Amino acid sequence: MRPFRLTLTLVAAIALVIAVAACGSSGSSSSSTAAGSSSSGTSSSSSGLSLAGLADTKQSSTQKMGGTLHVISNEGWEHLDPGASYFQIDYLVVNAVQTPLYMFTPQSKIVPVLASGPPQISSDGKTVTIHIKPNFKWSPPLNRAITSKDVAYAFQRDFNPNVQNGYAAGYYPIVGAAKAAGKPIPGISTPNNTTIVFHLTQDFGATFYQALTLPGSAPVPPEIATADDKSSPSKYDQNPTKQAFSGPYMIQSYSAGRNITLVRNPNWSHQVDGLRPAYADKIVWNAGADATVAARQTLASTDLLMADGPPAAVLKTAYESKKSQLSVSPLGTYYASLNTSVPPFNNINLRKAVIAAQNREAYLLARGGKLVGQVATHFIYPEVPGYAQAGGAAGFGQDYVSHPTGDMAVATKYMKLAGYPSGKYTGSANVLIVGSNSDPGPQEMQIVQNGLQALGFKTTIKAVPQQTMYSKFCGYVKAHINVCPTAGWIEDFPDPYAALYVPFSGKTIVPINNVNWAVLNDPKVNNALDSAAAISNPSQRLAAFAQADKAIVDDAPAIPEIWSSNALVKGTQVHGVLDVWNDDWDLSFSSTS
Amino acid sequence: MSIGASELVAEEAAAPFSIELSPGGEIAARSPLQLFWRRFRSDRVAMVSLGFIVVLIFVAIFAPLVVKLVGVSGPNTQNLNSLDAFGQPLGPSSAHPFGVDELGRDILARTIYGARISLEVAFIATGIAVLVGTVVGTAAGYFRGWVDSLLARLMDIVLAFPILLLAIGLASACSLGKGCLGGLITPGVPTLIVVIALSSWPYIGRIVRGQVLSLREKEFIDAARSLGASDARIMRKEILPNLVAPIIVYTSLVLPTNVLYEAALSFLGVGVQPPTASWGQMIASASGIFDTAWWYMLFPGLALVLTVLAFNLVGDGLQDALNPKTGR
Numbered sequence: 021m022r023p024f025r026l027t028l029t030l031v032a033a034i035a036l037v038i039a040v041a042a043c044g045s046s047g048s049s050s051s052s053t054a055a056g057s058s059s060s061g062t063s064s065s066s067s068g069l070s071l072a073g074l075a076d077t078k079q080s081s082t083q084k085m086g087g088t089l090h091v092i093s094n095e096g097w098e099h100l101d102p103g104a105s106y107f108q109i110d111y112l113v114v115n116a117v118q119t120p121l122y123m124f125t126p127q128s129k130i131v132p133v134l135a136s137g138p139p140q141i142s143s144d145g146k147t148v149t150i151h152i153k154p155n156f157k158w159s160p161p162l163n164r165a166i167t168s169k170d171v172a173y174a175f176q177r178d179f180n181p182n183v184q185n186g187y188a189a190g191y192y193p194i195v196g197a198a199k200a201a202g203k204p205i206p207g208i209s210t211p212n213n214t215t216i217v218f219h220l221t222q223d224f225g226a227t228f229y230q231a232l233t234l235p236g237s238a239p240v241p242p243e244i245a246t247a248d249d250k251s252s253p254s255k256y257d258q259n260p261t262k263q264a265f266s267g268p269y270m271i272q273s274y275s276a277g278r279n280i281t282l283v284r285n286p287n288w289s290h291q292v293d294g295l296r297p298a299y300a301d302k303i304v305w306n307a308g309a310d311a312t313v314a315a316r317q318t319l320a321s322t323d324l325l326m327a328d329g330p331p332a333a334v335l336k337t338a339y340e341s342k343k344s345q346l347s348v349s350p351l352g353t354y355y356a357s358l359n360t361s362v363p364p365f366n367n368i369n370l371r372k373a374v375i376a377a378q379n380r381e382a383y384l385l386a387r388g389g390k391l392v393g394q395v396a397t398h399f400i401y402p403e404v405p406g407y408a409q410a411g412g413a414a415g416f417g418q419d420y421v422s423h424p425t426g427d428m429a430v431a432t433k434y435m436k437l438a439g440y441p442s443g444k445y446t447g448s449a450n451v452l453i454v455g456s457n458s459d460p461g462p463q464e465m466q467i468v469q470n471g472l473q474a475l476g477f478k479t480t481i482k483a484v485p486q487q488t489m490y491s492k493f494c495g496y497v498k499a500h501i502n503v504c505p506t507a508g509w510i511e512d513f514p515d516p517y518a519a520l521y522v523p524f525s526g527k528t529i530v531p532i533n534n535v536n537w538a539v540l541n542d543p544k545v546n547n548a549l550d551s552a553a554a555i556s557n558p559s560q561r562l563a564a565f566a567q568a569d570k571a572i573v574d575d576a577p578a579i580p581e582i583w584s585s586n587a588l589v590k591g592t593q594v595h596g597v598l599d600v601w602n603d604d605w606d607l608s609f610s611s612t613s
Numbered sequence: 149m150s151i152g153a154s155e156l157v158a159e160e161a162a163a164p165f166s167i168e169l170s171p172g173g174e175i176a177a178r179s180p181l182q183l184f185w186r187r188f189r190s191d192r193v194a195m196v197s198l199g200f201i202v203v204l205i206f207v208a209i210f211a212p213l214v215v216k217l218v219g220v221s222g223p224n225t226q227n228l229n230s231l232d233a234f235g236q237p238l239g240p241s242s243a244h245p246f247g248v249d250e251l252g253r254d255i256l257a258r259t260i261y262g263a264r265i266s267l268e269v270a271f272i273a274t275g276i277a278v279l280v281g282t283v284v285g286t287a288a289g290y291f292r293g294w295v296d297s298l299l300a301r302l303m304d305i306v307l308a309f310p311i312l313l314l315a316i317g318l319a320s321a322c323s324l325g326k327g328c329l330g331g332l333i334t335p336g337v338p339t340l341i342v343v344i345a346l347s348s349w350p351y352i353g354r355i356v357r358g359q360v361l362s363l364r365e366k367e368f369i370d371a372a373r374s375l376g377a378s379d380a381r382i383m384r385k386e387i388l389p390n391l392v393a394p395i396i397v398y399t400s401l402v403l404p405t406n407v408l409y410e411a412a413l414s415f416l417g418v419g420v421q422p423p424t425a426s427w428g429q430m431i432a433s434a435s436g437i438f439d440t441a442w443w444y445m446l447f448p449g450l451a452l453v454l455t456v457l458a459f460n461l462v463g464d465g466l467q468d469a470l471n472p473k474t475g476r
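If you want it as C-alpha cells, here you go:
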C-alpha cells in the first residue's frame, strides 16, 4: 500500500512544517542546524522531507564510455560564444566544448585545465603569471597547438564592446583593459607560447584566480574570430558550429533556441586535459519544451537529462514516486529588491517595515516548499564561503528579518520611525512591482503585494518575461522600478565577493543591464566590500565579507526571500553528474549508464 | 438560436409600443408590458435562469457578507497552511469547500468575488455598447446618404478589427503608471470595459440601422413629419420606442458573449489587476496545475458556464416573449 503510506508521510510533513513555522515566529531561539555547514542536507532537514534516496549525482567508477547522451530543457541558450556566455544553461555547453585556464570539478575544487599549474601571484597581488599546457590542440579544421596568444586574444575580446561580456570589468581589473575597447590590452604580455602574464591595477590576485574559471578565460583563435569581432554584435556568437573548439566536444549542429548536437573533438585527449572524462560519444539536446511536459517526459524516460528544474507540481510527483531520479542541490538566492534611489523606498525605515511585514515563508512555498530551500535572512547564502561567519541561518539578528512569517508589531515600529504614526502608509506613491510572468513569478508578485497592502501601500503589478524584467525594467535604472521580487543571484565562483559585490556595491551601478537592482550606493557598504576584496588571508577575508554582508542587511535594500536549492530530474538509466558550483548537469561528466 | 433582423420586426411593433416605467404611471389592463410578462412567466426555463441571475447579482453585490456567512477566509487572504509541503494547493475541505489556489486563497471566496468582475464588466460594457450602437445606428438609418455611408463603413471597420490583439496591445500600453489617453483608460477593469464595448457596439448598431431604415418609411413617421416634428423628436419619440424590443433581445444575447469575452481577456492576462479575482484569470492560473488541483479550474469554470447559460436562456425567453411570431 505505497500510496497510503506516502499520504501519511505527507500529512506528518505538513504538521511538522506548521510546527516549525510556529516556533520560528514566536520565539527568538535560533536554529542550530545551520552554523558552519554548507551541504544541501541541512536546508531541508527541519522540514520532514528527507533527501535520502535521491539520485546519486557524483562521479562514479561504474560509469561507462560511449553512447549518446540526450538532454531536454525548457529554456534555450543565450550565448555560446565563450566571451559572451554568462547564463547557467549556456555553461553546460561552453564547458564541454571550450577549455578555460582553470575549472571547477563537479565538487567545486579549482584545478588547472588549460593552465599547467596554479598561478604565480606576486606578493603585492598585482602580477599573475600562468603557464599553459603545450599539448592542447584546436579542433579540426584548425588543428594547431593552443598558445598563450589565444588566451590573450580571449581577454582582448572580453573587453571588446562587440562581444558583450557581462563580468570582465568586475572580475578582471587588468591594467589598461577598461580603455582597450577590442584592441590588445597593455596589461597582458605573452613572453612565449606557453606563458601569459597579467598586470592588475589593484591587489586582486586571489579573486582573479577564481574568476579565471569563467569561460571568458577560454582561448579563442584570432585567425577565426578577429573578422567576426569587428561587427557589432560579434558574429562569432551567431553560428557556434564555426567556432574553434578546445574542449572534449565540438558543436556539430545548432538551431538557436531549438536544438544542439555535440560530437567528440578528435584533437582532445583526457590525458592532456586531466579533468573531464567525456564519457558520451555524442550529446543531443532539445530545448524549447514546455517545462511540465519536459519534466514528465524525463521522469518517464530511461535516457533523458533535464537541464532546467521541474515545476513544483512535477517536483512533488518526483519526490513521491521517482525519488531516485531527482536531485536537489543549492542554487543561489532570491530577493525582492527595494529601489533605494526613488520614493517611497528611499526611506530606510520604510524598507525595514516592508521587510518585517512580509511573509517570507510564502516565497518558499511558491518555489516548491522546504525541499528546495530555506527562508533567507541575509545575502551570503549557504553554499558560499562566509555563510557561517555571517551567522548562518540566523544571520545577524536584525528584528526585521528575524520573523519568517512576518511580524506586524515590528513593521509598525518601523512605520512609526519612518514618519507614519498610524503604522499605515499615507503617502501618495503607487508602488510598481515588476516580475516574471511565468511560474512562480505571478505568485511572488502577489506575495510582495500582500505584505505591502497590509501596510497601506497602493500597488501596481506588471508581469513580463524574466529576461524583459532584467533588460527593460529592473536592470534599466531610469525605469525606477520600486520592487523586483523575481530577481535572483547565483555566484560566479564560490567566493563571497561574487555573491555580494556586483549586486550591492554602488560602484557597479550602470544605466543599462544593471544588476544592483536596489540601486544601493552606500559608501559604508562600498568601502566594506572594497576592503574585503583586497584581503587574501582566507579567514580574515571571510570575516570581512561577513561584516560587509551585515552592512548590507542594515541598509535593508531587499527583502531576503529564500536561499534556494535547485531540483533536477533525470531518466532511470542515465548517470547525471552535477556541477555543484553551477547547480546543473556537467555534460562532460554525465554518462548514458 | 440565431436570429435574423427581419424576424425581430414584431407585428405589434408597428403600433407605438410604450413601457411605463414611472411608478406613478398607470399600466393599462392589456399593455404590451403586461402581455410580455404573461408570456415570459410561462417559460419555466427562462424563469429559473432569471432566478439564477438575480441570485448571482445579489451574491456579487453582497460578496463580503456572503463570504462571511459561508465562513471561509477572504478572497485575498493567503493561507499558507492550506498548502502542502511542496507549496501545492490542497483540495476541498471543511475550511475551504472549493479548495484553495496556489497561494492558499479560498476558491469559493474568489469565485464569489469573481462574479463581481464578470457582471460589472459585462453590464457596463454592454450598456455602453447599446448606447453607442443605438445612437449611431439610428443616425445612420434615419439620415441615410453620406451619414449612413460614413457610419456604416465605420462599423464595418470596427468589426474587421483583430479585437483580441487590440486588447492585448491596449492593455500593455495602458498597464503602467497613470494609464493612457490622459488617465481615461487605466489598467484593469476600465481597459476591459473599453475593449469589450468597442468590439460589441457595431452589432447593435447594425441591427438598429436596419430597423430604422424600414421604420422611417412607415406612414406614422410621414404623419409626424407632415405635422412639423423635428428630426430629433421623430427619432426620440416615434422611432426609438419601436426599437425597444429588438434592442432588449440583442442586449440579452450580447451580454453573455461579453461575460465570456471578459473571461477570455482575463485568461490572456489583459484583465483585472492582481490580486483581484476574476474567473478567466483563475482558469488561466489553474491551467498549469489542472491535473493536480482540479478544483482550481472546475469551480470558476462551472460558475462561468452556468452564468453564460443562464443569460442565454433568459435571452431566448425574452425573444420568444417579445416576438411570439417566431415561437417554439
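These protein sequence lines are chains E and A, in that order. Heads up, the first sequence is in the working numbering, so the first residue is 21 and it goes up one at a time. Heads up, the second sequence is in the working numbering, so the first residue is 149 and it goes up one at a time. All C-beta atoms in this analysis are idealised placements derived from N, C-alpha and C, irrespective of residue type, glycine included. It should be emphasised that the depicted structure is a prediction, and the values quoted were computed from it without experimental measurement.
Contact set for residue i: own chain, Cβ-Cβ below 7 Å, skip 5 residues either direction
i, result
"A287(A)", "V295, L299"
"T210(E)", "S168, K169, A172, I216"
"D569(E)", "H398, F399, I400, A410, L520"
Extent of the continuous alpha helix (DSSP H) to which residue i belongs
i, result
"P242(E)", "242-249"
"G225(E)", "225-231"
"M123(E)", "It is not in any alpha helix (DSSP H) - M123(E) instead sits in the beta strand (DSSP E) that spans 122-124."
"L363(A)", "337-363"
"H290(E)", "290-293"
Proximal residues to residue i (C-beta, below 8 Å), its chain only, five neighbours per side dropped
i, result
"Y187(E)", "Y106, A231, L234, G236, D512, V522"
"L408(A)", "L452, V456"
CB of residue i within 8 Å of CB of residue j, strictly
i, j, result
"T440(A)", "A333(E)", "yes"
"Y269(E)", "N285(E)", "yes"
"D459(E)", "I109(E)", "no"
"V240(E)", "A174(E)", "yes"
"A438(E)", "L370(E)", "yes"
Beta-carbon proximity list for residue i, same chain, < 6 Å, skipping 5 on both sides
i, result
"G239(A)", "G247, W443"
"D603(E)", "S349, L351, N586"
Member of the options whose CA lies at the smallest distance from the CA of residue i
i, options, result
"A308(A)", "L329(A), V360(A), V462(A), W349(A)", "W349(A)"
"A172(E)", "N182(E), I130(E), I194(E)", "I194(E)"
"M123(E)", "G96(E), D606(E), S610(E)", "D606(E)"
"N212(E)", "L319(E), G190(E), Q258(E), H151(E)", "H151(E)"
"A233(A)", "A386(E), P126(E), A408(E)", "A386(E)"
"D550(E)", "D223(E), A189(E), L121(E)", "D223(E)"
"F365(E)", "L295(E), L452(E), I92(E), V283(E)", "L452(E)"
"N470(E)", "P514(E), P253(E), T425(E)", "T425(E)"
"I305(A)", "Y290(A), T334(A), S347(A), S266(A)", "S347(A)"
"T246(E)", "V283(E), N182(E), G267(E)", "N182(E)"
"S80(E)", "P297(E), Y434(E), I271(E)", "P297(E)"
"K153(E)", "P139(E), T147(E), V362(E)", "P139(E)"
Inter-residue spacing [alpha-carbon to alpha-carbon] between residue i and residue j
i, j, result
"T405(A)", "N390(A)", "25 Å"
"A507(E)", "S357(E)", "8 Å"
"A307(E)", "K482(E)", "27 Å"
"L540(E)", "T455(A)", "51 Å"
"N471(A)", "N94(E)", "57 Å"
"V133(E)", "Y420(E)", "46 Å"
"F188(A)", "N224(A)", "40 Å"
"G61(E)", "F206(A)", "Model confidence at G61(E) stands at a pLDDT of 34, short of 50, so the residue's coordinates are unreliable; what they give is reported in the following sentence. Roughly 54 Å between the two C-alpha positions."
"N155(E)", "A72(E)", "43 Å"
"M85(E)", "T281(E)", "18 Å"
Delimiting residues of the beta strand (DSSP E) encompassing residue i
i, result
"S197(A)", "Taken as a continuous stretch (DSSP letters only), S197(A) belongs to no beta strand (DSSP E), being part of the alpha helix (DSSP H) at 192-209."
"R373(A)", "From DSSP, R373(A) is part of no beta strand (DSSP E) but of the alpha helix (DSSP H) over 367-374."
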